[in-house]
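Here's the structure we're looking at; comments come further down.
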Amino acid sequence: MSPPIDRAALRKTLRERRRSLSPQQRIAAAESLAERVLGLPFLPAAGYLAGYWAMDGEIGLHALQLRLPASLIYCLPLLHEDGSLRFAPWRAGDALVTNRYGIPEPDVTPAGALRAQDMAVLVMPLVGFDADCHRLGMGGGWYDRSLAFRHDRPAPPWLVGAAFAAQRVDALPREAWDVRLDAVCCEDDTLLAHPAGQEPA
Ligand SMILES: Nc1nc2c(c(=O)[nH]1)N(C=O)[C@@H](CNc1ccc(C(=O)N[C@@H](CCC(=O)O)C(=O)O)cc1)CN2
Ligand SMILES: Nc1ncnc2c1ncn2[C@@H]1O[C@H](COP(=O)(O)OP(=O)(O)OP(=O)(O)O)[C@@H](O)[C@H]1O
-19 MSPPIDRAAL RKTLRERRRS LSPQQRIAAA ESLAERVLGL PFLPAAGYLA
31 GYWAMDGEIG LHALQLRLPA SLIYCLPLLH EDGSLRFAPW RAGDALVTNR
81 YGIPEPDVTP AGALRAQDMA VLVMPLVGFD ADCHRLGMGG GWYDRSLAFR
131 HDRPAPPWLV GAAFAAQRVD ALPREAWDVR LDAVCCEDDT LLAHPAGQEP
181 A
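First residue of the sequence shown: -19, per the numbering used here; consecutive thereafter.
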């Protein structure tokens, strides 16, 4: 298997698949997703929850943001110049700027932003996922670099992938830097990862 080619081809197919869903499917899926994330057994009662501003056909988090308890503070990612993601609280009406990919992000100074380590939960957009809660992202390495500390440290932050069921594949190619998710939520299923060391034989 040659991972770069596999990943690029798979990314293209799965991105087309998520973009091809109808508006009706997207609205219903975002509602179900919100219930599934709020129903996660490990969801902390309070703290920062990192979401994202959906683009490129990603499953929306608007329903989740509206239903969060006041004790869970919704944040959006910011691209930091060191190559990692930072996060800042964002509510409808707060100022936004556009990043290099054209994605809106909160208009805060880098010094005022939070780190991934400060989040209680990160809900991450997926291009693809498999039954073992491995993820395929956009390929910029932003999430993998920002979450590398989770290789030798348990949750929190809890890592939750959000996707349409159509983005599930049998098995993803794996790289040493890939950070496994603690759960994946899609409109019709919640996958919980087995804790490290407790995987089935
Ligand atoms: N909604 C959302 N926000 C996010 C991410 C994401 O995947 N989705 N990210 C997840 O990492 C980070 C941004 N990373 C990204 C990496 C690549 C591309 C992307 O569109 N690449 C284009 C080419 C873009 C260009 O260079 O102009 C492409 O591959 O077609 C976008 C975002 C942080 N915010
Ligand atoms: N911890 C890390 N340190 C340095 N570079 C990293 C790290 N993690 C990932 N990268 C780089 O990021 C690039 C993209 O990784 P990959 O293709 O696995 O992205 P992905 O699975 O789509 O996830 P992401 O959402 O993080 O982009 C790789 O070329 C890799 O070299």
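By construction, the Cβ of each residue, glycine as well, lies at the ideal position given by its N, Cα and C atoms.
By alpha-carbon positions, which one of the options ends up nearest to residue i?
i, options, result
"A72", "E61, A43 and A91", "A43"
"I7", "G117, G37, R(-9) and G27", "G37"
"S12", "A25, D150 and C165", "C165"
"R115", "A(-11), A163, M35 and G40", "A163"
"D87", "L94, M99, Q147 and A68", "A68"
"Q48", "P57, A14, L76 and N79", "For the sequence presented, residue 48 should be read as Leu rather than Gln. Out of P57, A14, L76 and N79, A14 has the C-alpha closest to the C-alpha of L48."
"A128", "A142, A151, G27 and R95", "R95"
"G82", "A93, L59, V17 and G19", "L59"
"M118", "M35, D98 and L161", "M35"
"R(-9)", "R148, V159 and G19", "R148"
"A26", "P3, Q178, A50 and L65", "A50"
"T170", "V107, F144 and E179", "F144"
"T(-7)", "A75, L20, A146 and W157", "A146"
"P90", "A111, R66 and D112", "R66"
How far does the alpha helix (DSSP H) with residue i in it extend, from its first residue to its last?
i, result
"A163", "Per DSSP, A163 belongs to no alpha helix (DSSP H); it is in the beta strand (DSSP E), A163 to C166."
So what does residue i bridge to, in DSSP terms?
i, result
"L172", "A163"
"R(-9)", "Note: R(-9) sits in no beta bridge, so no partner."
"R(-1)", "R(-1) is not bridged to any residue."
For the beta strand (DSSP E) containing residue i, name the first residue and the last one.
i, result
"R47", "Here R47 belongs to no beta strand (DSSP E); instead the alpha helix (DSSP H) covers H42 to R47."
Quick test of your reading: residue i and residue j, contact by CB under 8 Å. State the CB separation rounded to the nearest angstrom.
i, j, result
"V101", "A30", "7 Å"
"Y54", "W33", "So it is not a contact: roughly 11 Å between Cβ atoms."
"M104", "Y123", "6 Å"
Original post:
What residue ranges within the segment 104 to 155 form continuous beta strand (DSSP E) runs of no fewer than 3 residues, ordered along the chain?
Top reply: If we require 3 residues or more, the beta strand (DSSP E) runs fully inside the segment 104 to 155 come out as 138 to 142.
**OP:** Starting from the N-terminal side, write out each stretch of the alpha helix (DSSP H) that is 4 residues or longer and does not extend beyond the segment 4 to 91.
**Re:** Runs of the alpha helix (DSSP H) inside the segment 4 to 91: 42 to 47.
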